[in-house]
Amino acid sequence: MDQARFLAAREAALRRTRGGQGIGTLAEKALHAALKAYYEPDAESREIALGGFVADIVGEEGIIEIQTRGFDRLCGKLEVFLEAARVTVVYPVAVRWQLSWIDPETGAVSPPRGSTKKGVPFDALPELYKIKPLLPHPNFRLRLALLALTDYKYLDGYGPQRKMRATRGERVPEALLGQIDCVAPADYLALLPADLRAPFTAEQLAKAVRRPVNQARAGVNVLCALGALERAGKSGRAYLYNRKIL
48 MDQARFLAAR
58 EAALRRTRGG
68 QGIGTLAEKA
78 LHAALKAYYE
88 PDAESREIAL
98 GGFVADIVGE
108 EGIIEIQTRG
118 FDRLCGKLEV
128 FLEAARVTVV
138 YPVAVRWQLS
148 WIDPETGAVS
158 PPRGSTKKGV
168 PFDALPELYK
178 IKPLLPHPNF
188 RLRLALLALT
198 DYKYLDGYGP
208 QRKMRATRGE
218 RVPEALLGQI
228 DCVAPADYLA
238 LLPADLRAPF
248 TAEQLAKAVR
258 RPVNQARAGV
268 NVLCALGALE
278 RAGKSGRAYL
288 YNRKIL
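In the working numbering, the protein residues as written are 48 to 293.
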């Protein structure tokens with residue numbers, strides 16, 4: 048992890064995506080552009096046509112795809128790419144979050160304020176559920192980029208402060224705080240809270256990560272499919288799970 052290189056990639060991405068028109072008018076998403084520039088500084092190795100699709104990066108590490116959300120859209124592309132080379136899917140997780148508001152009439156941007164909202168490594172698991180059949184492929188890799196991020200929203204919503212149901216603007220990365228690489232099934236256990244005691248239920252996992260129980264169930268399903276978790280009986284009507292020793 049190279050913080051100086053990340054900040055340089057961030058600034059280059061903002062200059063390129065803003066087009067001189069301010070934070071509310073970004074073209075390519077700044078988050079995607081910054082991560083792409085960080086993981087591949089050589090522009091000639093980015094946006095490469097391959098097998099009827101366009102890969103974000105093709106370089107020494109193989110193929111790298113930056114996916115900020117919507118893993119279901121990756122399926123067709125991954126099926127082709129995994130047969131050609133090693134593929135690393137980079138998923139950003141905002142572990143530190145702040146919020147800033149844009150006045151759509153004046154373009155004025157408020158100073159950012161800290162938000163109670165934050166991401167956790169677990170958040171990757173419900174997304175991975177959408178590509179679960181492809182996860183065991185020997186060429187598949189997952190990389191979590193742990194970020195500090197500013198979320199920009201427009202003051203165009205309802206209520207006296209115009210913040211209810213406001214339109215989301217950009218998500219701009221401020222710093223790269225860490226990285227988690229998942230190659231072997233055991234690596235994916237790092238996406239669970241370290242203090243989650245086993246055996247546990249999906250409901251207990253949901254409480255630990257402060258996410259809906261349906262997301263916890265999807266995450267457990269993925270880890271079981273990878274062989275990283277195993278069932279360990281029941282507690283009432285709920286299944287219990289243990290981390291599998293691999």
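By construction, the Cβ of each residue, glycine as well, lies at the ideal position given by its N, Cα and C atoms.
Residue i versus residue j: straight-line alpha-carbon distance, rounded
i: Y176; j: A249; result: 15 Å
i: K83; j: L194; result: 14 Å
i: A255; j: P240; result: 7 Å
i: Q50; j: Y86; result: 12 Å
i: A245; j: V267; result: 13 Å
i: Q262; j: A56; result: 33 Å
i: D150; j: V156; result: 7 Å
i: D203; j: A213; result: 5 Å
i: A285; j: G98; result: 44 Å
i: A81; j: R133; result: 22 Å
i: A171; j: V260; result: 15 Å
i: D242; j: A96; result: 44 Å
i: A141; j: P220; result: 8 Å
i: I227; j: Q208; result: 39 Å
i: L252; j: R264; result: 9 Å
i: A233; j: I292; result: 8 Å
Neighbourhood of residue i by C-beta, 6 Å cutoff - its chain only, sequence neighbours within 5 removed
i: G280; result: L287
i: K289; result: The question names Lys, but residue 289 is Asn in the sequence shown. Answer for N289: A245, P246, E277 and A279, listed in chain order.
i: G71; result: The pLDDT assigned to G71 is 43, lower than 50, so where the model puts this residue is not dependable; a value taken from the coordinates is nonetheless given after this. Around G71: I149 and G216.
i: C229; result: L189 and Y235
Cβ-based burial, residue i [other Cβ within 10 Å; buried from 16]
i: R160; result: exposed
i: K164; result: exposed
i: G225; result: exposed
i: P183; result: exposed
i: Y205; result: exposed
i: I113; result: buried
i: P158; result: exposed
Contacting residues, own chain, Cβ-Cβ under 8 Å from residue i (five flanking each side not counted)
i: F100; result: G123, K124, V127 and F128
i: K179; result: N268, V269 and A272
Residue interval of the beta strand (DSSP E) (run including residue i)
i: K281; result: L276 to S282
Selected residue, minimal CA-CA separation from residue i, among the options
i: R215; options: D198, F247 and A231; result: D198
i: T115; options: G283, E107 and L196; result: L196
i: T135; options: L146, R62 and P185; result: P185
i: A48; options: V230, I292, A222 and V142; result: For the sequence presented, residue 48 should be read as Met rather than Ala. Here the closest residue by C-alpha is A222.
i: G109; options: V137, K200 and W144; result: V137
Cβ shell of residue i (< 7 Å), same chain only, five flanking positions each side left out
i: A59; result: A84
i: S92; result: I104, V105 and G106
i: L236; result: A275 and R290
i: P168; result: V140, L191, I227, A237 and L238
The alpha helix (DSSP H) enclosing residue i, as first and last residue numbers
i: N261; result: V260 to L273
i: F118; result: Careful: F118 lies outside any alpha helix (DSSP H) and carries neither H nor E.
i: G106; result: Careful: G106 lies outside any alpha helix (DSSP H), inside the beta strand (DSSP E) at F100 to G106.
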